[in-house]
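Peer 1: Residue numbers (mature numbering (1 follows the signal peptide of the UniProt record, and there is no 0)): -17 to -1, 1 to 212.
Pasting a structure here, questions to come.
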């Protein structure tokens, strides 16, 4: 049986919306992205519809790039922590980018293992940048540029990792966030996740994904949670 419905619930004066699918092995809940941006240059915010992409990685003569992305919340009353089987973020991989003046030998295509870290502090999509997370909130700076792993985001990444290989074509890529989803179900604030390449010291190319502002809603990032029956 296949069932689909968009549901909204009111929890503590907040409306949470999600799409429920039932493919016969327990419900799947689809959650849309509500905020996303990437960090690169100091003093610059990249939440611009004109860019349309989220970037991760590092290539020569440029700072590292890390993506912040937040999704709708799934109330614990809908899927308690003990019933969460898995959770995954899906982003459409567009391409890898090398600056036109870089030679392949200095900015090679590499196999990239991707790390995902749960974010522990709030941030503003329209303002977040390497040093600052928000414009008007108290203590508006990150503890360290690009987020301190330990205080701004959890130090340990998700256990199951995705690798994007040198010749991976444009396609949907799934990133495990089961640990983050369970933490949110247990009461941790949902500030989304930080996505980065594992090896940020080796210079290569950057990886680009469509962001939530894409004109085609079918190419925007989303999260899926499988809940046991």
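Backbone N, C-alpha and C define an ideal beta-carbon position, used for all residues, glycine too.
Answer with buried or exposed for residue 64, where buried requires no fewer than 16 other C-beta atoms within 10 angstroms of its C-beta.
Peer 2: Numbered from its first residue, the chain shown carries residue 64 at position 81. Classification for residue 64: exposed.
Peer 1: Report the option in 48, 53, 78, 88 whose CA atom is closest to the CA atom of residue 150.
Peer 2: Reading the chain shown from its first residue, position 167 is the one you call residue 150. Minimum Cα distance to residue 150 is reached at 78.
Peer 1: Taking only three categories from DSSP, how would you classify residue 163?
Peer 2: Here the question's residue 163 lines up with position 180 in the chain shown. It is helical.
Peer 1: Give the DSSP bridge partners of residue 15, in chain order.
Peer 2: As a first step, residue 15 is located in the chain shown; it is residue number 32 there, counting from the start. DSSP output for residue 15 lists 205 as bridge partner(s).
Peer 1: Measure the CB-CB distance between residue 16 and residue 203 and report whether it falls below 8 Å.
Peer 2: Taking the first residue of the chain shown as position 1, residue 16 is located at position 33. Taking the first residue of the chain shown as position 1, residue 203 is located at position 220. Their beta carbons are under 8 Å apart, which means residue 16 touches residue 203 by this criterion.
Peer 1: Starting from the N-terminal side, write out each stretch of the beta strand (DSSP E) that is 3 residues or longer and does not extend beyond the region 118 to 147.
Peer 2: Counting only runs of 3 or more, we get 145 to 147.
Peer 1: Going by beta-carbon coordinates alone, are residue 19 and residue 52 separated by less than 8 Å?
Peer 2: Along the chain shown, read from residue 1 onward, the residue named residue 19 stands at position 36. Along the chain shown, read from residue 1 onward, the residue named residue 52 stands at position 69. It is a contact, given that the beta carbons lie within the stated cut-off.
Peer 1: For residue -17, count neighbouring C-beta atoms within 10 Å of its own C-beta (all shown protein chains included) and say buried if the count is 16 or more, exposed if not.
Peer 2: Taking the first residue of the chain shown as 1, we reach residue -17 at position 1. Reliability of the predicted coordinates at residue -17 is poor, the pLDDT of 35 falling under 50, and no value is obtained from them.
Peer 1: Which class does residue 64 belong to by DSSP, given the choice of helix, strand or coil?
Peer 2: The count along the chain shown starts at 1 and reaches residue 64 at position 81. Of the three classes helix, strand and coil, the one that applies to residue 64 here is helix, per DSSP.
Peer 1: Cα-Cα, which of 144, 166, 193, 44 is closest to residue 180?
Peer 2: Taking the first residue of the chain shown as 1, we reach residue 180 at position 197. Checked all of 144, 166, 193, 44; the closest Cα to residue 180 is 144.
Peer 1: Have a look at 197, 187, 50, 55 and flag the residue whose alpha-carbon is nearest the alpha-carbon of residue 89.
Peer 2: Position 106 of the chain shown holds residue 89. Ranked by Cα distance from residue 89, the options 197, 187, 50, 55 are led by 187.
Peer 1: Is residue 147 a contact residue of the ligand COA, with contact defined as CB to any heavy atom under 7 Å?
Peer 2: Because no ligand of any kind appears in the structure shown, any question about the ligand COA cannot be addressed here.
Peer 1: Using the Cα positions of residue 33 and residue 185, report the straight-line distance between them to the nearest angstrom.
Peer 2: In the chain shown, residue 33 corresponds to position 50, counting from 1. In the chain shown, residue 185 corresponds to position 202, counting from 1. Roughly 29 Å separates the two Cα atoms.
Peer 1: Does the region 20 to 27 touch the region 36 to 47, meaning 3 or more C-beta pairs lie closer than 8 Å?
Peer 2: In short, these stretches touch, since the Cβ pair count reaches three.
Peer 1: Please list, in chain order, all residues of the same chain as residue 68 whose beta carbon is under 6 Å from its beta carbon, the five residues on each side excluded.
Peer 2: One-based indexing of the chain shown puts residue 68 at position 85. Around residue 68: 209, 211.
Peer 1: Assuming contact is defined by CB atoms lying nearer than 8 Å, are residue 177 and residue 130 in contact in what I supplied?
Peer 2: Locating residue 177 in the chain shown gives position 194, counting from the first residue. Locating residue 130 in the chain shown gives position 147, counting from the first residue. Going by C-beta atoms, residue 177 is nearer than 8 Å to residue 130.
Peer 1: Rounded to whole angstroms, what is the Cα-Cα separation between residue 66 and residue 103?
Peer 2: Start at 1 with the first residue of the chain shown, and residue 66 comes out as number 83. Start at 1 with the first residue of the chain shown, and residue 103 comes out as number 120. When rounded, the distance between both Cα atoms is 23 Å.
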